[in-house]
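A short write-up of the structure that comes next.
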Amino acid sequence: MNDLVVRNARIHTVDPALPRAQALAVRDGRITWIGDDASRPEAAEVIDAGGRLVLPGFVDAHNHVRLGSDDACVQLAGAGSLAEIGRRIAAWRAANPGARWIECEGFEYSAVPGGRMPRAADLDPLTEGLPAFVFGYDVHTMWLNTAGLRELGIDRDHTDLPYGVAETDETGEPTGFVTEFAVRGLSRDGQRALAGLGVPWASAERQYPRLLASLDMATRYGITTIVEPQNSLDDLALFERARAEGRLRSRVIAALFHPRGTGDAELADFAAAARGGDEWLRAGPLKLYIDDVVEPHTAALLEPYCGHAHRGETFYDPEEFAQLLAKLDAAGFQAFVHATGDRGIRTVLDAVEHAREVNGPRDARHQVVHVECLDPADVPRFAELGVVACMQPRHCSPDIAGPGHDWAEAVGPGRWAKAWPMRSLHEAGAVLAFSSDWNVAEMDPMIGIYTAVTRRGLAGGPAWVPEEAVDLETAIRAYTLGSAHANFCDHDRGSLTVGKLADLVILSEDLFGIPVERIPEVRAETVIVGGGVVERAST
Numbered sequence: 001m002n003d004l005v006v007r008n009a010r011i012h013t014v015d016p017a018l019p020r021a022q023a024l025a026v027r028d029g030r031i032t033w034i035g036d037d038a039s040r041p042e043a044a045e046v047i048d049a050g051g052r053l054v055l056p057g058f059v060d061a062h063n064h065v066r067l068g069s070d071d072a073c074v075q076l077a078g079a080g081s082l083a084e085i086g087r088r089i090a091a092w093r094a095a096n097p098g099a100r101w102i103e104c105e106g107f108e109y110s111a112v113p114g115g116r117m118p119r120a121a122d123l124d125p126l127t128e129g130l131p132a133f134v135f136g137y138d139v140h141t142m143w144l145n146t147a148g149l150r151e152l153g154i155d156r157d158h159t160d161l162p163y164g165v166a167e168t169d170e171t172g173e174p175t176g177f178v179t180e181f182a183v184r185g186l187s188r189d190g191q192r193a194l195a196g197l198g199v200p201w202a203s204a205e206r207q208y209p210r211l212l213a214s215l216d217m218a219t220r221y222g223i224t225t226i227v228e229p230q231n232s233l234d235d236l237a238l239f240e241r242a243r244a245e246g247r248l249r250s251r252v253i254a255a256l257f258h259p260r261g262t263g264d265a266e267l268a269d270f271a272a273a274a275r276g277g278d279e280w281l282r283a284g285p286l287k288l289y290i291d292d293v294v295e296p297h298t299a300a301l302l303e304p305y306c307g308h309a310h311r312g313e314t315f316y317d318p319e320e321f322a323q324l325l326a327k328l329d330a331a332g333f334q335a336f337v338h339a340t341g342d343r344g345i346r347t348v349l350d351a352v353e354h355a356r357e358v359n360g361p362r363d364a365r366h367q368v369v370h371v372e373c374l375d376p377a378d379v380p381r382f383a384e385l386g387v388v389a390c391m392q393p394r395h396c397s398p399d400i401a402g403p404g405h406d407w408a409e410a411v412g413p414g415r416w417a418k419a420w421p422m423r424s425l426h427e428a429g430a431v432l433a434f435s436s437d438w439n440v441a442e443m444d445p446m447i448g449i450y451t452a453v454t455r456r457g458l459a460g461g462p463a464w465v466p467e468e469a470v471d472l473e474t475a476i477r478a479y480t481l482g483s484a485h486a487n488f489c490d491h492d493r494g495s496l497t498v499g500k501l502a503d504l505v506i507l508s509e510d511l512f513g514i515p516v517e518r519i520p521e522v523r524a525e526t527v528i529v530g531g532g533v534v535e536r537a538s539t
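In UniProt numbering, the protein residues as written are 1 to 539.
Here it is as structure tokens:
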């Protein structure tokens, strides 16, 4: 007898062989049957879906659950001015009188007047001498006050740091703004350096609770497979601990961070880690960076930033990167490459093309992660080279990146048509893998799906680059089977198909039967992983 039957459902399988069904059966964690309600088999447990929509469990292809959001930090999301930042810091200080550091996250660059980057002098009046750091909302930059610079030993002679690059003024003095934090600060060396300097955020005591909170959030949202995109080998123990303590209710794929300078011995360790694991937890893909981010002008563009003479830099010379990727490809590694600017993306595609010429074509499924500003000439190359476009739809929302915001102003109106070209990539045959990029954006797949199909903000309003919106079926596929394919797990998840893992979600409403404006209101009512109910919304 089957262990479970889900009946009276509107099942959208994401399987073209059987697109719709009313019921499915599960035994030993896998789907054994799917079809009409009247023909359903017997089972020990029956869940009546009440006519609700059933989808495959979401596969979030880029979700920083380990980094997460930290409740101990001052939350600055939505703080649109220095005055508002000051009010939030003051309230936090009143609630935390014994704090040694002021730690903030979610800073939006547009809060600083004049379109410039922040400085210590902006933060000093808000912090009253206590050392402080502020993470940019994208976690690619840090903003320190004067006391924070002093505490971390940053001065004109110490600006090249294990956790970033300190910006300097015309006199050579650090301004308080640190770039390349995601590239360096989230590496093994960067984390160890910050912890050794006594930064509470980097301590082991703070890392594990952040992970648990994010894991629980993912399960609530119906995310049954999480791809954590940037980890050192040290970090894998956190996931093993969560599993041992019964806190790993969604499956995890942990990509391993390959910073510049990674040697052959570390690659051997990465390969050994990738040989282990199972359907619940495995490591293996390698995360690399070719450029940084658009807002602080550190992404690599083909043409200069709007109103500036520079166009950003790549972290590797193109020829060097091509040789590196060919080496990793020859060793059998899959690469996740962060690339946001059109020149950065082209550099990655050129490197994949070189690897195929040197090593021969293979089903590598290398990924370009973010694909924020893509030149039209490079759109067809994704399908031609078998490169996956791992994209975060929420990032293209006009209330985050559109006109009047830092992203759109940095590239200028002449390049807005290049912004997150999801539809063009899909129509050209590329595999789309959608994701949240939590905690840079909301984790909820409903918000990502809504943005993908509307290109509008959460409050409505005009769409931005609406010609690049995708239809609902495409968005759902990108959040399920597309992301499963991107991570070599489409053989056992991503669609509701006999033989695959019974990972599925019952939604509160039918996405196909409501106005698109209501999609963000839809919730995961029941979440099933491996045939077991791991989350059930209270009624």
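Ideal Cβ placement from N, Cα and C applies to all residues, glycine included.
Rounded to the nearest angstrom, how far is the Cβ of residue i from that of residue j, given a contact under 8 Å?
i	j	result
V387	H426	No, V387 and H426 are not in contact; Cβ-Cβ is about 14 Å, not under 8 Å.
L496	D15	6 Å
R536	T526	5 Å
L507	L55	7 Å
residue 568	Y479	One cannot answer for residue 568 here, as it falls past the ends of the chain, which runs 1 to 539.
Under DSSP, the alpha helix (DSSP H) around residue i begins and ends at which residues?
i	result
N359	342 to 359
K327	318 to 330
E228	Looking at the DSSP string, E228 is not in any alpha helix (DSSP H); the run it does join, the beta strand (DSSP E), is 223 to 231.
F181	181 to 184
E205	204 to 220
M142	First-last for M142: 142 to 144, but that is the beta strand (DSSP E), not the alpha helix (DSSP H).
T168	Unbroken run through T168 is the beta strand (DSSP E), 164 to 168; no alpha helix (DSSP H).
V453	445 to 454
E409	406 to 411
L126	120 to 127
H485	481 to 486
What first and last residue would you give for the beta strand (DSSP E) that runs through residue i?
i	result
F133	132 to 136
T32	30 to 35
P462	Element bounds for P462: n/a, residue is neither H nor E.
H338	335 to 339
I528	524 to 529
Y289	281 to 289
Among the options, whose alpha-carbon lies nearest the alpha-carbon of residue i?
i	options	result
G106	L126, A77, A25, A99	A77
F270	P285, G307, A121	P285
I290	A273, D342, G263, V379	D342
N231	G190, H308, P361	G190
P318	A300, P304, A331, A335	A300
D503	A326, A43, D492, G513	D492
Y316	V293, P403, L288	L288
R243	A274, E279, E266	E279
E295	P403, A355, R275, Y450	P403
residue 576	G114, P131, G429, S187	Any question about residue 576 goes unanswered here, given that the chain covers just 1 to 539.
residue 576	F58, L152, W201, V227	As shown, the chain starts at 1 and ends at 539. That puts residue 576 outside it, with no answer to give.
E442	A38, M142, G68, V252	G68
L211	V183, S187, T340, E240	E240
E266	R188, L194, T224, R282	R188
H310	F133, V368, A410, F181	A410
V74	L53, S110, N96	N96
V369	V348, I89, G57	V348
G412	F133, W92, P304, L126	P304
With distances taken between CB atoms, is the gap from residue i to residue j smaller than 8 Å?
i	j	result
G448	R394	yes
P174	L197	no
G29	L501	yes
H62	P229	yes
G494	V26	no
M422	M391	yes
A430	C396	no
F181	Y163	yes
R52	A9	yes
V183	D292	yes
A326	A355	yes
T179	T314	no
Return the CA-CA distance between residue i and residue j, expressed in angstroms with no decimal places.
i	j	result
V498	T32	5 Å
S436	L458	15 Å
L248	L215	7 Å
E467	A475	15 Å
D122	H405	20 Å
A83	E167	24 Å
A452	A484	18 Å
C104	A351	37 Å
D157	G176	14 Å
R220	A23	23 Å
R415	I154	37 Å
H257	L186	It is Phe, not His, that sits at residue 257 in the sequence shown. Roughly 9 Å separates the two Cα atoms.
Mind checking if residue i is an interface residue toward chain C, Cβ cutoff 8 Å exclusive?
i	result
S436	Absence of chain C from the displayed structure is noted, only one protein chain being present.
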